[in-house]
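Notes follow the structure.
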Amino acid sequence: KQEVTQIPAALSVPEGENLVLNCSFTDSAIYNLQWFRQDPGKGLTSLLLIQSSQREQTSGRLNASLDKSSGRSTLYIAASQPGDSATYLCAVRWSSNTGKLIFGQGTTLQVKP
Amino acid sequence: GAGVSQSPSNKVTEKGKDVELRCDPISGHTALYWYRQSLGQGLEFLIYFQGNSAPDKSGLPSDRFSAERTGGSVSTLTIQRTQQEDSAVYLCASSLHGSQETQYFGPGTRLLVL
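The listed protein sequences derive, respectively, from chains F and X.
Last residue of the first sequence: 459 in my numbering, with the numbers rising by one and none dropped.
Last residue of the second sequence: 125 in my numbering, with the numbers rising by one and none dropped.
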């Protein structure tokens, strides 16, 4: 069964810290992987998309890496800020024929001033 | 439009009634997706449209759920004879062409079935 797991479920850090969010997936034959951010009561905001042929993607203070062989992706957030507080979701697409994304349960991040 | 829009933003209905949820994708996006987010299940895929056809309906939980897309743009998700377990946030997303593209999500419709 194709599943996505995110650990920890919640994380609290002081402002300024660098942090890593983890995502693991069964079945390494993924098509691509996408990281999203969700603020309370809101929709999802796309952060980074990594194709299966790529090892990492960067956007500003965010860096996402992909290691298919180990079934893992990490989202690195540099110099965290209170505005980074949100739930971060990892989603994997396994097929090129469908847009179906399978989501992890998310990691809720709190950055304290 | 600038982003994916959904209506209504909130819907309260009585058990057994039918509801229709609407999604307007980003202009020019050919692929459209429906997902459901509930407390117990997280975010679940429902259906994927490419143009007006739906090559993947595998996530629809029962035959009470149906969706259509007309003119390659607006989509409607219909839930017939609603049940309390249908209560969730229904999210719509679109992408430019399909499988390789980033999916952009709307704000969702929060459905409460009493």
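Beta carbons: idealized from backbone N, C-alpha and C, even for Gly.
> In whole angstroms, what is the alpha-carbon distance linking SER411 of chain F and GLN91 of chain X?
Replying inline: 42 Å
>> Can you check which of these residues, F:GLN451, F:TYR377, F:PHE382 and F:GLU361, is closest to SER399 of chain F by C-alpha distance?
In response: F:TYR377
> Going by Cα to Cα distance, which pick from X:ALA13, X:GLU55, X:THR93 and X:ASP97 is closest to ILE448 of chain F?
Replying inline: X:GLU55
> By a C-beta neighbour count over all protein chains shown, 10 Å radius and 16 as the cutoff for buried, is SER64 of chain X buried or exposed?
Replying inline: exposed
> chain X beta carbons: is any one of them nearer than 7 Å to that of GLN451 of chain F?
Replying inline: yes
> Would you say ASP97 of chain X faces chain F, with C-beta separation under 7 Å as the test?
Replying inline: no
> Going along the chain, which residues of the segment 417-449 of chain F sit with their C-beta nearer than 8 Å to a C-beta in chain X?
Replying inline: LEU435, ALA437, ARG439, SER441, SER442, ASN443, THR444, GLY445, LYS446, LEU447, ILE448 and PHE449
>> Against chain F, with Cβ distances strictly below 7 Å, would LEU54 of chain X count as a contact?
In response: yes
>> Could you compute how far the alpha carbon of SER426 of chain F sits from the alpha carbon of SER405 of chain F?
In response: 14 Å
> Less than 7 Å separating the beta-carbons of GLY417 of chain F and ALA42 of chain X?
Replying inline: no
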